[in-house]
Amino acid sequence: MGALRIGALGPLDVIAGGSPVVVKGGKQRIVLACLALRANSVVTADFLADVLWGDHPPARPGPQMQVYLANLRGLLEPGRPPGVGARHLLSRPGGYSLVVGEDELDLLQFRWLVALGQNAALEGNLPGAATCFRQAVRLFRGSPFPDLADIQAFRAELDQLEEMKLDTYQNLADIELARGRHSLLTGDLQRLVTNHPYREKLWESLALALYRDGRQADALAACRSARKVMVQDLGIEPSERLKELEILVLQQDQSLDAPAVGFLRQAEKVNSVPPAVTPMLGRDSEFEEVCSLYKQEGCRLVTVTGPGGTGKTRLALAVASHIGETMDDGVGWVSMATLTHPEQVPAAIASSLGLGDFGADEPLKMASRFLRQRRLLLVLDNFEHLEKAWPVVLDLLTGAPELRILATSRRRLGLRAEYEFELPPLALPPLDHILPPDVLREVPAVKLFLARGRAVRRHFGVDESNASLLTRVCHRVDGLPLAIELAAAQLRHHSLEELLGELEQGLTSLPGAFRDLPGRQQTITATIAWSYRLLGKGEQELFDHLGVFAANPTTTAVRSICCCVADSGEAEDAALGVLLSHSLVRCYTDTDGNERVGVLHSIREFARQRLLARADADAVYRRHASYYLQLAETLAPALWGYGQISAFRELKADTAEFRSALLWATGQRGSDEVALGLIGHLWHYWELTGNVLEQYREAVKLVERAPDVPPAVLAPALSGAATLSWIVGRYDQAATLHHRAAETFREAGNQQGVAWSLMCLSVQAAQSEDLVLAERLALEALTTPGRGYRTRVSALIVLSRVAYHNGRYDAALELAQECARLARPLGDGWLWGVVLTNLAESLEQAGELDAAERHLQEAVSAAFDLGAYGSLAAFLESLAGICVKKHRPDPAIRMLSATDAYRSDRGVPLEPAERRRIESFIAQARAEAGPVRFGLAWAAGRALTLAQAVAEAADLPQDQDDIRPVEGRTEIQAVAADYHPSTPWS
1 MGALRIGALG PLDVIAGGSP VVVKGGKQRI VLACLALRAN SVVTADFLAD
51 VLWGDHPPAR PGPQMQVYLA NLRGLLEPGR PPGVGARHLL SRPGGYSLVV
101 GEDELDLLQF RWLVALGQNA ALEGNLPGAA TCFRQAVRLF RGSPFPDLAD
151 IQAFRAELDQ LEEMKLDTYQ NLADIELARG RHSLLTGDLQ RLVTNHPYRE
201 KLWESLALAL YRDGRQADAL AACRSARKVM VQDLGIEPSE RLKELEILVL
251 QQDQSLDAPA VGFLRQAEKV NSVPPAVTPM LGRDSEFEEV CSLYKQEGCR
301 LVTVTGPGGT GKTRLALAVA SHIGETMDDG VGWVSMATLT HPEQVPAAIA
351 SSLGLGDFGA DEPLKMASRF LRQRRLLLVL DNFEHLEKAW PVVLDLLTGA
401 PELRILATSR RRLGLRAEYE FELPPLALPP LDHILPPDVL REVPAVKLFL
451 ARGRAVRRHF GVDESNASLL TRVCHRVDGL PLAIELAAAQ LRHHSLEELL
501 GELEQGLTSL PGAFRDLPGR QQTITATIAW SYRLLGKGEQ ELFDHLGVFA
551 ANPTTTAVRS ICCCVADSGE AEDAALGVLL SHSLVRCYTD TDGNERVGVL
601 HSIREFARQR LLARADADAV YRRHASYYLQ LAETLAPALW GYGQISAFRE
651 LKADTAEFRS ALLWATGQRG SDEVALGLIG HLWHYWELTG NVLEQYREAV
701 KLVERAPDVP PAVLAPALSG AATLSWIVGR YDQAATLHHR AAETFREAGN
751 QQGVAWSLMC LSVQAAQSED LVLAERLALE ALTTPGRGYR TRVSALIVLS
801 RVAYHNGRYD AALELAQECA RLARPLGDGW LWGVVLTNLA ESLEQAGELD
851 AAERHLQEAV SAAFDLGAYG SLAAFLESLA GICVKKHRPD PAIRMLSATD
901 AYRSDRGVPL EPAERRRIES FIAQARAEAG PVRFGLAWAA GRALTLAQAV
951 AEAADLPQDQ DDIRPVEGRT EIQAVAADYH PSTPWS
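This is the structure:
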């Protein structure tokens, strides 16, 4: 029979069975319109008769009504077999009903979209809300239900529908203004105020949209038109809000500017150009030519083309830095080599411009709107990777008259507006006659070779003795800057004559690799392979072994893990220096002062493939895992006390290596003992970071295998697996594993570990609101012989919470203060934050909201300084609760939204009791703020990172290397003097 579609939000329009249907006869149309207006409800036969005939019904209205209904059934369901009941127009006791769904009647679809949009706004999904509201109002094709317009019985319903439509338009305007999309509103709003001149809020929205669109005079005219309508037509003065808006427009008050809270994150002047790591050499003339192109009238798009390795990116960096100084609004830089699909290009462009959150289908519109009135240079580097993205360039040029674009690509974009600049290899000296040294050194290719050669051989230069060799070397690499740099790097261990000999043997495929192979990765691989072939046996072995690393290792790690059997008798450091000279690695000092070996991703992949083909691969991976296990053993204790910030940073710097070691250790060729050791020492670090899902899976999978390892190794891993289980919401599993940990610690003779496990179980019982069990376990942990100092503090926290939830508030506060006294000297910022949060809860109950807020801000600060994002979310949630209590709903909503987004992204749920507490905060904030204000604040919060939420929450102190103890507290200093950081079970 086909689909049914009834359009009543305009002239009656029916599609049935896939074809348009004409409903003839005025009364028949009234019947259908009446049933549609009250769809899925029973309309009585008496009411229909009254609507159709009023005070002058026919002698027998019933049969006439049945004729209308039978005709309508045939129209709505053409082809319905005889004997089969109708699906849509049904007879009901006392009347009739039109049974349809949202997709079959536009009125129902309108109501459904409005409800959907309101829910989206309430949840902070402003793009989704705007989409729903826009789709809803677009369903109107004119005056709704025109066949019923003159019938008094429907007047109230039609007025209500019109009001609902206008409210939807107003909600759409409010949201789009909040999103900075004012330019999309002006046309609709001007039409609306013409048709509905007495709705002040529409006038206000129109004036604000015009003002933000740079049309101050039109905005002022809108305010005055509204005033005129109110005074002349209605005889009333406009509202104070409209009067104030007119004054603000006149004053060009900054409060009228588009908001920048998360929806548009933009700097005063765009500058996303990456810094150049080496000077540009030998490209002075090309630099001047490209810059001069932009001075030509009508030149807005320049594409620098050329084969791989010619230095297109380096030239673009220089041009961008120079031209950027003349552009009022700066320079945006997009590296397209990292993108994989053309659809990603608009989002990358928007990000480079500093634009923030946008819906999946809107980044191009947002970028176009941002660029429309700006003088800015946009660089699109490595465009050849995504040539099909050329329409994006065309759209931007069309919509932004002052925009200039610089693209680098192996081929032109093919646009009419394009000025192509072919970047050739560097100019070469003639081969047929050798230039004098003072002339030769100024030839671009030679100039670059000399500069890079001096980087590895300080006194390298050109003279009569090597001028010929140098000329031939530059020709042998075709003047390609990348090849010149790689070749010059070999001068540390090769003479020019030796280098030329190597090039003659190993570079026969280089021109084809750079010019003909389709992929950039293949070109880089060919370049790496060439450089690899120039290494000696020991250097190749060291290079292969570097493939075991997941990121950039310290030089200490390289010396400990990698072997070198350099046939020249060189030491390992010397072999590493050779790799450095080949530009295969780089050495640098990280922010913590550690010397590291930097390896590009593509080079690392090449090395990894070489390693996997070697007979000693398993031995290298075993050394890697053992080294990082030992490093974890060294650093883990410091995570529980003074020096934890530096320990945290060191662990974070090698996160990729710890992950790689764990994955190998849990694999088929790995080691259960190494894997358990890594879990036992690193679980608290993972807990602090808040990124635990992958580690949780590996930890639980391993401990559930019950590997045959010493209890002293298994017990800490069980404790860690239990904690990770709790964090990801596996509460029963967490309790089971903590019980196993206690038993295993007991088997290992480790009473500290037993006490710690009991304390962990008491914490979980308290969080599960089993207060009797929590108190019993906490007391048992406190009385366990040999229990540690930290276990004592943590157990007292549990007892404080138990007292609080049992209504013994004075006892809870006293215990919380005792916990603070005991915890401060430990120097553990994470524990200190937990203690302060617990103390703040008791202070809040006592009515000391200011003190509670100060403590929570300190907790947030301590967690933020440490980088303990896993706890930072919880501390921010508690701080939001105080804001709610102090009637500051907006910051509370933003913080709660930011933490909710953080938890969703990382799969870290709230415990049931804590979830109820947070939901109560949200409900109170929503009630005070109202739905639209709540929706806007929630959306702003979704756009915040936790770090940005912290910046809103408190004026944080500068980063510090350690957490300072309280000055002048002798009892605390005495504890601190005797305390040495250690794990809770050692």
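For the sequence shown, the tail end lands on 986 under full-length UniProt numbering, and the numbers increase by one without skipping. All C-beta atoms, glycine included, are put in the ideal place defined by N, C-alpha and C. A quick note: this is a predicted structure, and the numbers were derived from the prediction, not measured.
Practice prompt. Specify the secondary structure class of Gly538 as computed by DSSP and reduced to three states.
Written response: DSSP, reduced to helix, strand and coil, places Gly538 within a helical segment of the structure shown.
Worksheet item: Between Ala778 and Gly753, is the Cβ-Cβ spacing less than 9 angstroms?
Response: no
Practice prompt. Taking Trp985 and Phe648 to be in contact with their CB atoms under 8 angstroms, please state how far apart those CB atoms are, rounded to whole angstroms.
Written response: So it is not a contact: roughly 20 angstroms between Cβ atoms.
Worksheet item: Once you ignore the five residues that flank Pro11 on each side, which residues in its own chain have a CB closer than 8 angstroms to its CB?
Response: Arg141, Gly142 and Pro146
Practice prompt. Entirely within the stretch 586–616 and at least 4 residues each: give me those alpha helix (DSSP H) ranges in chain order.
Written response: 601–612
Worksheet item: For residue 1054, which residues of its own chain have a beta-carbon under 6 angstroms away from its beta-carbon, when the five flanking residues on both sides are left out?
Response: The structure shown has nothing for residue 1054, since the chain only spans 1 to 986.
Discussion item. If distances are taken between C-alpha atoms only, which option among Leu435, Arg191, Gly479 and Ala207 comes closest to Ser468?
Written reply: Leu435
Worksheet entry | Identity of the residue in Gly18, Leu105, Gly187 and Glu504 nearest Arg38 by Cα | Leu105
Practice prompt. Go ahead and pull the three-state DSSP assignment for Gly827.
Written response: coil
Item to complete: Let me know if Gly18 comes out buried or exposed under the rule of 16 or more other beta-carbons within 10 Å of its beta-carbon.
Response: exposed
Discussion item. I'd like to know whether the C-beta atoms of Tyr169 and Leu192 end up nearer to each other than 9 angstroms.
Written reply: yes
Worksheet item: Out of curiosity, what's the CA-to-CA distance linking Gln733 and Ala803?
Response: 27 angstroms
Worksheet item: Where are the alpha helix (DSSP H) runs, 4 residues long or more, that stay fully inside the stretch 106–150, in chain order?
Response: 106–122 and 126–137
Discussion item. Please classify Ala149 as buried or exposed, where buried requires at least 16 neighbouring CB atoms within 10 angstroms.
Written reply: exposed
Worksheet entry | Host beta strand (DSSP E) of Arg92 (start-end) | Leu89 to Arg92
Discussion item. My output table needs one value for Thr186: the three-state DSSP class, helix, strand or coil.
Written reply: If DSSP states are grouped into helix, strand and coil, Thr186 belongs with the helices.
Item to complete: Going by CA-CA distance only, name the one from Ala557, Leu629, Pro238 and Gly847 that's closest to Gly598.
Response: Closest in C-alpha terms to Gly598, from the list Ala557, Leu629, Pro238 and Gly847, comes Ala557.
Worksheet item: Is the stretch 865–872 touching the stretch 829–848, taking contact as three or more C-beta pairs under 8 angstroms?
Response: yes
Worksheet item: Where do the N-terminal and C-terminal ends of the alpha helix (DSSP H) with Arg792 fall, by residue?
Response: Element bounds for Arg792: Tyr789 to His805.
Worksheet item: Roughly how far, in whole angstroms, is the beta-carbon of Arg596 from the beta-carbon of Asn552, given that I think they are within contact range, below 8 angstroms?
Response: 5 angstroms
Fill in: Cβ neighbour criterion (16 or more within 10 Å) applied to Val137
Its Cβ being crowded by 16 or more others within 10 Å, Val137 is buried.
Item to complete: Please list the segments of the alpha helix (DSSP H) lying wholly inside the stretch 369–415, counting only runs of 4 or more residues, in order along the chain.
Response: 390–399
Worksheet item: What is the residue span of the alpha helix (DSSP H) that Ala741 lies within?
Response: Tyr731 to Glu747
Practice prompt. Tell whether a beta-carbon distance below 9 angstroms holds between Gly324 and Asn271.
Written response: With contacts defined by Cβ atoms closer than 9 angstroms, Gly324 and Asn271 form a contacting pair.
Discussion item. Measuring straight from C-alpha to C-alpha, what distance separates Pro825 and Trp640?
Written reply: When rounded, the distance between both Cα atoms is 12 angstroms.
Worksheet item: From the beta carbon of His322, is the nearest beta carbon of chain C less than 9 angstroms away?
Response: Protein chain content of the structure displayed is limited to a single chain, and chain C is not contained in it.
Worksheet item: In chain order, what residues of the same chain lie with their CB nearer than 6 angstroms to the CB of Leu799, ignoring the 5 residues before and after it?
Response: Ala778 and Leu815
Practice prompt. Go ahead and label Asp55 buried or exposed: buried means 16 or more other beta carbons lie within 10 angstroms of its beta carbon, across all protein chains shown.
Written response: Exposed.
Worksheet item: In chain order, what residues of the same chain lie with their CB nearer than 7 angstroms to the CB of Ala901, ignoring the 5 residues before and after it?
Response: Arg942
Worksheet item: Are the beta-carbon atoms belonging to Glu694 and Arg659 less than 9 angstroms from one another?
Response: yes
Worksheet item: Which partner residues does Thr305 have in the DSSP bridge list?
Response: Thr305 is bridged by DSSP to Ser409 and Glu422.
Practice prompt. Taking only the alpha-carbon atoms, compute the straight-line gap between Leu305 and Lys269 and give it to the nearest angstrom.
Written response: Contrary to the premise, residue 305 reads as Thr rather than Leu in this sequence. Each residue's Cα considered, the two are about 28 angstroms apart.
Worksheet entry | CB contact flag (Leu242, Cys223, <9 angstroms) | yes
Fill in: Neighbourhood of Asp959 by C-beta, 7 angstroms cutoff - its chain only, sequence neighbours within 5 removed
Residue confidence for Asp959 is low, a pLDDT of 37 falling below 50, so the modelled location carries little weight; the figure read from the coordinates is stated next. Cβ-Cβ distances below 7 angstroms link Asp959 to Asp865 in the same chain, with the five nearest sequence neighbours on each side left out; the list follows chain order.
Practice prompt. Return the CA-CA distance between Thr554 and Asn594, expressed in angstroms with no decimal places.
Written response: Taking the straight line joining both Cα atoms gives about 7 angstroms.
Worksheet item: Considering only C-alpha positions, which residue in the set Ser495, Ala937, Asn806 and Glu464 is nearest to Val456?
Response: Ser495
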